[in-house]
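As they're listed, the protein sequences go chains D and G.
Residues 1 to 198 (our numbering) are what the first sequence spells out, left to right.
Residues 1001 to 1198 (our numbering) are what the second sequence spells out, left to right.
2 protein chains.
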Amino acid sequence: MRIAQTGYAILGLLAIEPNQSGYEIRRTVRDSVGFFWGESYGQIYPTLKRLSADGLIAPTEVEGAGKKRTQRYSLTAAGYAELQQWLATPYREDPPRDEFLLKLFFGREAAPEISIAHINQYQERIRGLLAVLEDLERLGRLHGSGQPGMPFWMLTLSYGMGQLRAGLEWSESAMAVLTSQEAAQACSQPPAPFAPQG
Amino acid sequence: MRIAQTGYAILGLLAIEPNQSGYEIRRTVRDSVGFFWGESYGQIYPTLKRLSADGLIAPTEVEGAGKKRTQRYSLTAAGYAELQQWLATPYREDPPRDEFLLKLFFGREAAPEISIAHINQYQERIRGLLAVLEDLERLGRLHGSGQPGMPFWMLTLSYGMGQLRAGLEWSESAMAVLTSQEAAQACSQPPAPFAPQG
DNA sequence: ACACACATGTAATTGGTTACATGATTTC
DNA sequence: GAAATCATGTAACCAATTACATGTGTGT
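See the structure below:
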């Protein structure tokens, strides 16, 4: 009966909106929490089976048949209890792994243009995400009254926006550094000595 | 000859400081890039073997023997080339998974105190990290002249600090929201209906 | 006719963590 | 004498991604 993160994500989404299929859950994830959470079909469908077998969710509605069939699920009381218990425990602080920062950290082993390209990639992604979050916020303000989860959703949104804006600001100063004399000089110095036998 | 992230992390660290053992590499990771990167022994030692077999690193120094023995490695020319090639490719944008935000997103399914506890946990972690980064920055300024990688290291540091400070600021406003009438009200409303068969 | 969204699922692979096992050396 | 750090390594496990397989319905 051990449940992984994906399981709790599904329980939570079904608590907000019951009677969803695997396909719909995945779309909901993408469109609402996509900027801080992701799920793939390869994870969702088996997890749905598992949660159902454990009695934490139950199939509610079936539409169509055979290859064209939509199976929807809802939370059971046990599933809701499980979700609440999970919510009540401290969140897991998993080890960070940021390849962007790692490449930047090693930046002096390459030409400055390489790091500049990474920052460009970063800025593009950030700007894209920021646009998405702004849309999300606007939509939330319009259609969101009556939705009891809204204050919490907005909290995650404002978190994301704060992080993104800070990242964008930093990236400007990073650009300044990378186009400076200092960076060019650092990159032009010879690398540390190698071992023989290449 | 396919190398994973851990491999590149090791190559990069050996490019900065040659002649390091697995143990030292792990310490270096923890103490210098620990706020955005982590490595475990279970990953480091097998990877060192592999990189060595592939000729990207080579054993340079051995100290002691038997159970007490330190095996150090350095980059080969091929390893440095591999590192540079990796640096020159766009960084991988892996799917985000932030359990903190997920729990906060589902916050209305629990009592407000639950979410407040999460924010407290968050603030504590952030403040701890911020202190670490400030130390790191101070140390860098003192002993860091002559280190050609310094500008890049400082870039990752300022990135981290920017993110942390933005997070801290956000957390204050989040606290205000969570202690408000609005939050209490949202949490007191009944959950969405369950399926039968619990 | 073609592409895209709908819809469910499996299999292979990966890249990692955690726990375990062992022992020497240093510090309090 | 206990605890922490130094030091290397293996085995079990895990949760996830990716690619594959299959087919329907809708819009252009």
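All residues carry an ideal CB built from backbone N, CA and C; glycine is no exception.
Fair warning: this is a prediction, and the values are worked out from it, not measured in the lab.
Residues are counted here when their Cβ sits less than 7 Å from a Cβ of chain D; for the segment 1122-1155 of chain G these are 1125, 1148, 1149, 1151, 1152, 1153 and 1155, given in chain order.
Collapsing the DSSP output to three states places residue 1075/G in a strand. The way I'd put it, the segment 1004-1016 of chain G does touch the segment 100-117 of chain D; three or more beta-carbon pairs between them come closer than 8 Å. By the neighbour-count criterion, in which a residue is buried when 16 or more other Cβ atoms sit within 10 angstroms of its Cβ, residue 1143/G is exposed. Less than 8 Å divides the Cβ of residue 183/D from the Cβ of residue 1151/G. Apart from sequence neighbours up to five positions away, the residues of its chain that approach residue 47/D with a beta-carbon distance below 7 Å are 6, 7 and 10, ordered along the chain.
Any Cβ of chain D closer than 8 Å to the Cβ of residue 1076/G would place that residue at the interface, and such an atom is present.
By the rule that beta-carbons nearer than 8 Å mark a contact, residue 1030/G does not touch chain D. With contacts defined by Cβ atoms closer than 8 Å, residue 52/D and residue 73/D form a contacting pair. Secondary structure within the segment 1051-1124 of chain G: the alpha helix (DSSP H) runs of 4 or more consecutive residues, fully enclosed, are 1077-1087 and 1099-1105 (chain order). Between residue 37/D and residue 1098/G, the C-beta spacing is below 8 Å.
Cβ contact annotation for residue 61/D (same chain, cutoff 7 Å, sequence separation greater than five): 19 and 72, in chain order. Secondary structure at residue 163/D: helix, using DSSP grouped into helix, strand and coil. The alpha-carbon of residue 27/D is positioned some 19 Å away from that of residue 134/D. Boundaries for residue 145/D: no alpha helix (DSSP H) harbours it, and the DSSP string shows neither H nor E there. Burial state of residue 1004/G is exposed, judged by a 10 Å Cβ sphere holding fewer than 16 other Cβ atoms. Closest in alpha carbon position to residue 1167/G, among 1121/G, 1021/G, 1032/G and 1040/G, is 1121/G.
Across the structure, residue 1129/G and residue 1031/G are spaced so that their CA atoms are roughly 12 Å apart.
Take the alpha-carbon of residue 76/D and the one of residue 86/D: they are about 15 Å apart.
Taking the Cα positions, residue 1155/G is about 7 Å away from residue 174/D. If you compare the alpha carbons of 1025/G, 1189/G, 1161/G and 1084/G with that of residue 1045/G, the shortest gap goes to 1025/G. Taking 8 Å as the cut-off, the Cβ atoms of residue 83/D and residue 12/D count as close.
In this structure, DSSP gives residue 1197/G a state outside helix and strand, which the three-state scheme calls coil. Only buried fits residue 1079/G, as 16 or more other CB atoms lie within 10 angstroms of its CB.
For residue 189/D, the closest of 112/D, 179/D and 123/D by C-alpha to C-alpha distance is 112/D.
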